[in-house]
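Data block below; observations after.
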Amino acid sequence: MPDPKLSRRAALLLPAALGACGPAIAQRGLPDFADLAQSVIPAVVSIQVTTRDGMPSEWRGPQRGRPQSEQARRGGRPIIQGAGSGFIIEPSGIIVTNAHVLGEAANVLVGLSDGSEYAATILGIDELTDIALLKIETQRPLSAVSLGHSRQMRVGQWVLAAGNPFGLGGTVTSGIISAIGRDIRLGPFDDFIQTDAPINPGNSGGPLFNMAGEVIGITTLIFSPSGASAGIGFAVPSDLARPVIEQLLRGGRVERGWLGVSVGDAEAAPGRSPRGGAQVLGVERGSPAARSGLRQGDVITAVDGARISNNRDLVRGISAIPPGQNVRLSLLREGRVLEITIQVGLRPGPG
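Take 194 as the starting number for the sequence shown in the numbering used here and just add one per residue.
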């Protein structure tokens, strides 16, 4: 039989413990997203795409694929219908979405939060960052949202995702930033914001908001064995997207700098700490690198004085330089420190 004195003591201790935790929990209570959602939803759109290519890939692991699709046959030719999300950045009808949402689009239909629908024109696509711009024509100015600064975001901060999951437009989910600068080996510009805000098929191209209602990311893919949210989603940071969007607005394409080399991370010398840098593994014939005398085995350590720690630093640094501009490369060659000047070329191919 329990000691009545111990029971009374426990009864006295229990309210005290609750009292100590209660105010702390109340002060740190979960945020109310209602006002934020109400202010941003009018600028979030759903996107329906009809294409005549093959079946789009499904979301399995870190893959970009049109989130939701069905296939029909008309006149013996496959018609692919996909659904995604986007957001309006200019009241005149400029919309940002993912490049993979559009695919080889034959027709694009944009649905607004008020239920109205408009045919859209594709202004530009950048496959390397998975960003695309659309334009719709309306007789009235539209609600729009602005891009914030993703570099100011920190792990653990609240975010709100909005979009068209499973074709259910006007849907919001909340979570936190669970990692920043995430590289998942999809391409040279991987720099994702990772979030646990539930993201599902159809959210692709939708905005990720900070608590001020600014877009700090563009939802683009998820890790999932089932194709549905597993609590790990990724968004293209707004600071990476901003210059891409500006170039697409100006000319419909993105021009990036190019040297014409294949590179890898520089290996550490035996018994020494890693020196950092990008090691040249190969030089393309007739490329800017070949014309400047860059050689296989060179280790590039700086571009215009900015330190290069690895091959991704080099690729991103050169890509940001306008084609035709001269840059100074600092490098190590057979133990010697050299500097060469090279005129950056235009990166070939898409993006």
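Even glycine gets a Cβ: it sits at the ideal position worked out from N, Cα and C.
Worksheet item: Using the C-alpha atoms, what's the distance from residue 375 back to residue 533?
Response: Here the question's residue 533 lines up with position 340 in the sequence shown. Here the question's residue 375 lines up with position 182 in the sequence shown. Between residue 533 and residue 375, the C-alpha separation is close to 32 Å.
Worksheet entry | Integer Cβ distance of residue 322 from residue 382, believed to fall under 8 Å | If you number the sequence shown from 1, residue 322 lands on position 129. If you number the sequence shown from 1, residue 382 lands on position 189. Contact holds; Cβ gap of about 5 Å.
Worksheet item: Beta-carbon separation of residue 292 and residue 318 under 8 Å?
Response: Numbered from its first residue, the sequence shown carries residue 292 at position 99. Numbered from its first residue, the sequence shown carries residue 318 at position 125. Their beta carbons are under 8 Å apart, which means residue 292 touches residue 318 by this criterion.
Discussion item. Let me check one thing: in DSSP terms, what residues is residue 402 bridge-paired to?
Written reply: Your numbering for residue 402 matches position 209 in the sequence shown. Per DSSP, 353, 408.
Practice prompt. Enumerate in chain order the residues of its own chain whose CB-to-CB distance from residue 518 is below 8 Å, with the five nearest sequence positions on each side excluded.
Written response: Looking up residue 518 in the sequence shown gives position 325. Only residues of its own chain outside the window of five on either side were considered, and among them 450, 536, 537 have a CB closer than 8 Å to the CB of residue 518, listed in chain order.
Fill in: Neighbourhood of residue 229 by C-beta distance below 8 Å, restricted to the same chain and skipping five residues each side
Within the sequence shown, numbered from 1, the residue matching residue 229 stands at position 36. Result list for residue 229: 353, 402, 404, 406, in chain order.
Practice prompt. Tell me the start and end of each unbroken beta strand (DSSP E) in the segment 319-376 that is at least 3 residues and wholly inside, in chain order.
Written response: DSSP runs (the beta strand (DSSP E)) wholly in the segment 319-376: 324-329, 351-356, 364-375.
Item to complete: Answer yes if the segment 333-345 comes into contact with the segment 308-317, meaning at least three C-beta pairs across the two stretches below 8 Å, and no otherwise.
Response: Cβ pair count under 8 Å is below three, so no.
Worksheet item: Would you say residue 306 and residue 398 are within 8 Å of each other, going by their C-beta atoms?
Response: Within the sequence shown, residue 306 is the residue found at index 113, counting from 1. Within the sequence shown, residue 398 is the residue found at index 205, counting from 1. No. Outside cutoff.
Worksheet item: Along the chain, where does the beta strand (DSSP E) that runs through residue 430 open and close?
Response: Taking the first residue of the sequence shown as 1, we reach residue 430 at position 237. Run containing residue 430: 426-430, per the beta strand (DSSP E) assignment.
Discussion item. Just to confirm the assignment, what range does the alpha helix (DSSP H) spanning residue 505 have?
Written reply: Taking the first residue of the sequence shown as position 1, residue 505 is located at position 312. Here the alpha helix (DSSP H) through residue 505 covers 504-512.
Fill in: Assumed close pair residue 477, residue 453 - CB separation to whole angstroms, cut-off 8 Å
On the sequence shown, position 284 is the one that residue 477 refers to. On the sequence shown, position 260 is the one that residue 453 refers to. Your pair residue 477 and residue 453 checks out as a contact, with CB atoms roughly 4 Å apart and the cut at 8 Å.
Worksheet item: On the three-pair Cβ rule with 8 Å, is the segment 380-394 touching the segment 500-509?
Response: Touching, per the Cβ criterion.
Worksheet item: Who are the Cβ neighbours of residue 361 in its own chain at under 6 Å, not counting the five residues just before and after it?
Response: Working through the sequence shown from its first residue, we reach residue 361 at position 168. None.
Worksheet item: Any idea what DSSP makes of residue 421, helix, strand or coil?
Response: Mapped onto the sequence shown, residue 421 falls at position 228. Residue 421 falls in the coil class under three-state DSSP.
Worksheet item: Which residues in the same chain have their Cβ closer than 7 Å to the Cβ of residue 419, if we skip the five residues on either side of it in sequence?
Response: Here the question's residue 419 lines up with position 226 in the sequence shown. Contacts found: none.
Discussion item. My output table needs one value for residue 497: the three-state DSSP class, helix, strand or coil.
Written reply: Along the sequence shown, one-based indexing puts residue 497 at 304. Of the three classes helix, strand and coil, the one that applies to residue 497 here is coil, per DSSP.
Discussion item. If you measure between the beta carbons of residue 390 and residue 368, is that distance less than 8 Å?
Written reply: For the purposes of this step, residue 390 is identified with residue 197 of the sequence shown, where counting begins at 1. For the purposes of this step, residue 368 is identified with residue 175 of the sequence shown, where counting begins at 1. In this structure, residue 368 lies closer than 8 Å to residue 390 by Cβ.
Worksheet item: residue 392 by DSSP, collapsed to three states: which one?
Response: Residue 392 sits at position 199 when you count from the first residue of the sequence shown. If DSSP states are grouped into helix, strand and coil, residue 392 belongs with coil.
Item to complete: Starting from the Cα of residue 300, find the closest Cα among 240, 222, 514 and give me that residue.
Response: Counting from one through the sequence shown, the residue named residue 300 turns up at place 107. Nearest C-alpha to residue 300: 240.
Fill in: residue 447 - DSSP class collapsed to helix/strand/coil
By 1-based counting over the sequence shown, the position of residue 447 is 254. Coil at residue 447, not helix or strand.
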